[in-house]
Structure formats: C-alpha cells, structure tokens
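Structure record follows, encoded as structure tokens.
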Amino acid sequence: MEQLNILIVGVGGQGTLLASRILGNVALKMNYDVKVSEVHGMSQRGGSVVTYVKFGKKVYSPLVDIKEADVIMAFEKLEALRYIERLSDNGKMIVNEQQIDPMPVIIGKAEYPENIIETLKEKHRIFSLDALKIAQDCGNIKAVNIVLIGVLAKLTGISKEIFTEAIREVVPAKFLDINLKAFEEGYNYHK
Numbered sequence: 001m002e003q004l005n006i007l008i009v010g011v012g013g014q015g016t017l018l019a020s021r022i023l024g025n026v027a028l029k030m031n032y033d034v035k036v037s038e039v040h041g042m043s044q045r046g047g048s049v050v051t052y053v054k055f056g057k058k059v060y061s062p063l064v065d066i067k068e069a070d071v072i073m074a075f076e077k078l079e080a081l082r083y084i085e086r087l088s089d090n091g092k093m094i095v096n097e098q099q100i101d102p103m104p105v106i107i108g109k110a111e112y113p114e115n116i117i118e119t120l121k122e123k124h125r126i127f128s129l130d131a132l133k134i135a136q137d138c139g140n141i142k143a144v145n146i147v148l149i150g151v152l153a154k155l156t157g158i159s160k161e162i163f164t165e166a167i168r169e170v171v172p173a174k175f176l177d178i179n180l181k182a183f184e185e186g187y188n189y190h191k
C-alpha cells in the first residue's frame, strides 16, 4: 500500500477523535508514516467534527482534499452528504444511518434533507448501517465509532489483529470488552 487517505466526519461527542487515535495506532503498528489532523467545529455543542488520517510509506501533509479520500467514515448522515466531494472516484464511504439534527434544524431555520443515503448511493460506493443500534446491542451506544472501525478494517483488508491490538492500547480497560465486541460486529457486518 502506497498511501491510505481517510476522512472521519461526525458530530461532537460521537467518538471521532478516539477513532482517529486508533487508526493512527494501526498505521504505526504497520511501520507507516502517519499524519493526523483534527478540525473541531462547535464540537462541544453538537457541531461538525472532521479528522484527517493519512498513512503510507511517506506522508507529507495531513489534509485530505477534494477527491482524495480513499475512505470516508461518516458517523452521521448529514455529515456524509456534507463531505462527499472529498471521496475519490474509487473511494468508499461508510455511513452510520443515524440522524442528529444540527442547530438550524432544531430551531426551525432549515429542514433536514431527505433520502441522504439513497442520494449518495446513486453515484458512490456507500456502505450504510445502523451503527448506533449495533453499539446499543453490544452494551454501549458510545461504541458507534468502534463499530465503524470494524467495517473499515474489513474494507481495507488490513489485518484484523492489528486493529484489535490498537483498540486494546487506546480504549480504557473498563470499556475494552464492549468495544472489542463492537469491533467484531462491525467487522462481520453484512447487508
């Protein structure tokens, strides 16, 4: 693998930053150069959060520009739509089907778009799943990020063991069992 460009998009509080730490750890375990850049919107208020993770033999910039993302992990549907232009022509997008209304929708100044997943699937390789439900079934709704990482691991073909080692090193011990279960569920997810 020459280089892998991953864009993680979501809403503050969904665990996007933990996901980026795990992916950075995966890259280091594979002896790759890795760059991670986090862009926080109003993350404390449910605003958009974007993280770039790039790894490969030599990485010069952490940013993932338009049509450069090999994979986009979208923790929320509207965020998937917001960043779709960054997906490369051969890229894949993993989308959690969860809807989190942004402030303009909450206060009635805008409407949440309909049929986002269907619209995205018209032109792109989209893998959608209800990661929130899967995480809940594993015992903790906060494990959505790890469910999505499981799907990512399967799509990239990177060793499952490297991912589980990285999760063991990054996730606090008291949440480890639930997160390892969430990873397995994401890894084995078929739709």
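Position 167 (the sequence shown) corresponds to 167 in the UniProt record's numbering; numbering is contiguous. Ideal placement from N, C-alpha and C gives every residue a C-beta, glycine not left out. Computed from a predicted structure; not experimentally measured.
Can you tell me whether DSSP reads Ala-27 as helix, strand or coil? Within the sequence shown, numbered from 1, the residue matching residue 27 stands at position 27. Correct three-state label for Ala-27: helix.
I'd like to check one pair, Val-34 with Phe-75: are the Cβ atoms closer than 8 Å?
Counted from its first residue, the sequence shown places residue 75 at position 75. Counted from its first residue, the sequence shown places residue 34 at position 34. Cβ distance not < 8 Å, so Phe-75 and Val-34 don't count as in contact.
TODO: Measure the CB-CB distance between Ala-19 and Leu-129 and report whether it falls below 8 Å.
DONE: Taking the first residue of the sequence shown as 1, we reach residue 19 at position 19. Taking the first residue of the sequence shown as 1, we reach residue 129 at position 129. No; because the gap between Cβ atoms is not below 8 Å, this pair is not in contact.
Practice prompt. State the Cα-Cα distance for the pair Asn-188 and Gly-56, rounded to the nearest angstrom.
Written response: Locating residue 188 in the sequence shown gives position 188, where the first residue counts as 1. Locating residue 56 in the sequence shown gives position 56, where the first residue counts as 1. The C-alpha of Asn-188 lies about 26 Å from the C-alpha of Gly-56.
*Can you give the Cα-Cα distance for Ala-110 and Ala-69, rounded to whole angstroms?*
As a working note, residue 110 is residue 110 in the sequence shown. As a working note, residue 69 is residue 69 in the sequence shown. Roughly 29 Å between the two C-alpha positions.
Inspect the beta-carbon positions of Ile-6 and Met-73 and report whether they are closer than 8 Å. Looking up residue 6 in the sequence shown gives position 6. Looking up residue 73 in the sequence shown gives position 73. Contact: yes.
> Should Lys-14 go down as buried or exposed, given a rule of 16 or more other Cβ atoms within 10 Å for buried?
Replying inline: Along the sequence shown, read from residue 1 onward, the residue named residue 14 stands at position 14. For the sequence presented, residue 14 should be read as Gln rather than Lys. Label assigned to Gln-14: buried.
Between the C-alpha atoms of Ile-126 and Val-144, what's the straight-line distance to the nearest angstrom? Counting from one through the sequence shown, the residue named residue 126 turns up at place 126. Counting from one through the sequence shown, the residue named residue 144 turns up at place 144. CA-to-CA, the gap between Ile-126 and Val-144 works out to about 17 Å.
Mapping the DSSP letters down to three states, classify Asp-65 as helix, strand or coil. Numbered from 1 along the sequence shown, position 65 holds the residue referred to as residue 65. Here Asp-65 sits in coil by DSSP.
(message) Tell me the residue span of the beta strand (DSSP E) that contains Val-9.
(response) Numbered from 1 along the sequence shown, position 9 holds the residue referred to as residue 9. Counting along the chain, the beta strand (DSSP E) containing Val-9 begins and ends at 3-11.
In its own chain, which residues sit with a C-beta less than 8 Å from the C-beta of Ile-84, not counting the 5 before and 5 after it? Counting from one through the sequence shown, the residue named residue 84 turns up at place 84. For Ile-84, the CB contacts under 8 Å within the same chain, skipping 5 residues up- and downstream, are Ile-72, Met-93, Leu-120 and His-124 in chain order.
To the nearest angstrom, how far is the alpha carbon of Ile-146 from that of Ile-107? Translated into positions along the sequence shown, residue 146 becomes position 146. Translated into positions along the sequence shown, residue 107 becomes position 107. If I take the Cα positions, the gap works out to 31 Å.
Which runs of the alpha helix (DSSP H) spanning at least 4 residues fall entirely within the region 76-115, listed in chain order? If we require 4 residues or more, the alpha helix (DSSP H) runs fully inside the region 76-115 come out as 77-83 and 103-106.
Alpha helix (DSSP H) containing Phe-183: first to last residue? Locating residue 183 in the sequence shown gives position 183, where the first residue counts as 1. 176-187 is the extent of the alpha helix (DSSP H) around Phe-183.
Review point. Taking the Cβ atom as the reference point for each residue, do Ala-153 and Lys-29 lie within a distance shorter than 8 Å?
Key: Working through the sequence shown from its first residue, we reach residue 153 at position 153. Working through the sequence shown from its first residue, we reach residue 29 at position 29. Contact flag unset, no.
- Item | Residue span of the beta strand (DSSP E) that contains Val-53, given as start and end | Counting from one through the sequence shown, the residue named residue 53 turns up at place 53. From DSSP, the beta strand (DSSP E) with Val-53 extends over 48-56.
* Asked: To which residues of the same chain is Ile-66 closer than 8 Å at the C-beta, ignoring the five residues directly before and after it?
  -> On the sequence shown, position 66 is the one that residue 66 refers to. So the list reads Glu-85 and Arg-86, once near-sequence residues are dropped.
Apart from the five residues on each side of it in sequence, which residues of its chain come closer than 7 Å, Cβ to Cβ, to Glu-185?
The count along the sequence shown starts at 1 and reaches residue 185 at position 185. Only Ile-134, Cys-138, Val-147 and Gly-150 meet the Cβ criterion.
| query | Does the Cβ of Ala-27 have 16 or more other Cβ atoms within 10 Å, making it buried, or fewer, making it exposed? | reply | Working through the sequence shown from its first residue, we reach residue 27 at position 27. Result: buried.
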